[in-house]
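Asks: Under the working numbering, the first residue of the sequence shown is numbered 34, with each subsequent residue one higher.
Think of the CB as a built atom: it goes at the ideal place given N, C-alpha and C, for glycine as much as any other residue.
Remember, it's a predicted structure, so these values are computed and weren't measured experimentally.
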Amino acid sequence: MSLRTKIMDDLKIAMKAGQSEKVAQIRGITAKLKDLEVAARAKTGEVSEADIISTLRSMIKSRKESAELYRKGDRPELAEKEEGEIATIQSYLPPELDENTLKSAIDEAVIKVGAESMKDMGKIMAELKERFGTDLDPAKASSLVKAKLA
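(1) Roughly how many angstroms lie between the CA atoms of Asp153 and Lys162, to the nearest whole one?
(2) Return the CA-CA distance between Arg74 and Lys67, expressed in angstroms with no decimal places.
(3) Hey, Lys65 and Met92: beta-carbon distance below 8 Å or not?
(4) Determine the direct distance from the alpha carbon of Ile59 to that of Thr121, and round the result to whole angstroms.
(5) Using DSSP with H/G/I as helix, E/B as strand and the rest coil, what is Arg164?
(6) Report the rounded CA-to-CA distance for Pro128 versus Asp168, giving the unit in angstroms.
(7) Do Ala174 and Met158 have their C-beta atoms within less than 8 Å of each other?
(8) Using the C-alpha atoms, what's the distance from Lys39 back to Lys49?
(9) Of the residues Val71, Arg108 and Ile62, which one's Cα is nearest the Cα of Ile119?
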C-alpha cells in the first residue's frame, strides 16, 4: 500500500470514528501533499514516495520549532497541539535507524570514499542516501557526519 493511500484510508477511518482532532491533523498532511503535487506538475508531473517522506520530515521539523517557541512563550497548550501533530506525522514515516547503526554506516562510508575533511561530507551523505534511501533522516545523519569529520 502506498503512503498516500494509507493516509487517505486513515482519514476516512478517523472521520467515521468522529475523531475531529485526528481528522484535522491528517487534513493538514493531505493539504501539504496537494501543494507538493501542484509543484510537481510544473516539473516532473509525479510525486514519489521519497518526496512525500521528505515533505513529512520537513513538516515535523517546523512543528518541533513551533512547539519549542510555544513552550518559551508559556503556551503549553499550543505546544501540545504541535506535538500531537508530530506524533501523527511520524506514524507515516519509516522507522528511524538507531544511532549505532548509523554511526557504523558513517564509519564505513568514510573509509569507502576516503574522506579526510569537511569537504568530503557531500560524498559521505550521498553514500548514506544510496545505502538507506528514505529510511535515512538527513538531518540526524548530517550532524553525526559533521561530528565524525570535525
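Replies: By the coordinates alone:
(1) Here residue 153 refers to the residue found at position 120 of the sequence shown. Here residue 162 refers to the residue found at position 129 of the sequence shown. Separation of Asp153 and Lys162 (C-alpha to C-alpha, rounded to the nearest whole angstrom) is 15 Å.
(2) As a working note, residue 74 is residue 41 in the sequence shown. As a working note, residue 67 is residue 34 in the sequence shown. Their Cα atoms are separated by approximately 11 Å.
(3) If you number the sequence shown from 1, residue 65 lands on position 32. If you number the sequence shown from 1, residue 92 lands on position 59. Lys65 places its beta carbon less than 8 Å from that of Met92.
(4) Residue numbering aside, residue 121 sits at position 88 when the sequence shown is read from its first letter. Residue numbering aside, residue 59 sits at position 26 when the sequence shown is read from its first letter. Distance between the alpha carbons of Thr121 and Ile59: 8 Å.
(5) Start at 1 with the first residue of the sequence shown, and residue 164 comes out as number 131. DSSP places Arg164 in helix when its eight states are reduced to three.
(6) Looking up residue 128 in the sequence shown gives position 95. Looking up residue 168 in the sequence shown gives position 135. Cα-Cα distance, rounded: 7 Å.
(7) Numbered from 1 along the sequence shown, position 141 holds the residue referred to as residue 174. Numbered from 1 along the sequence shown, position 125 holds the residue referred to as residue 158. Pairing Ala174 with Met158 gives a Cβ-Cβ distance under 8 Å.
(8) Counted from its first residue, the sequence shown places residue 49 at position 16. Counted from its first residue, the sequence shown places residue 39 at position 6. Those two C-alpha atoms are separated by around 15 Å.
(9) Numbered from its first residue, the sequence shown carries residue 119 at position 86. Ranking Val71, Arg108 and Ile62 by Cα distance to Ile119 puts Ile62 first.
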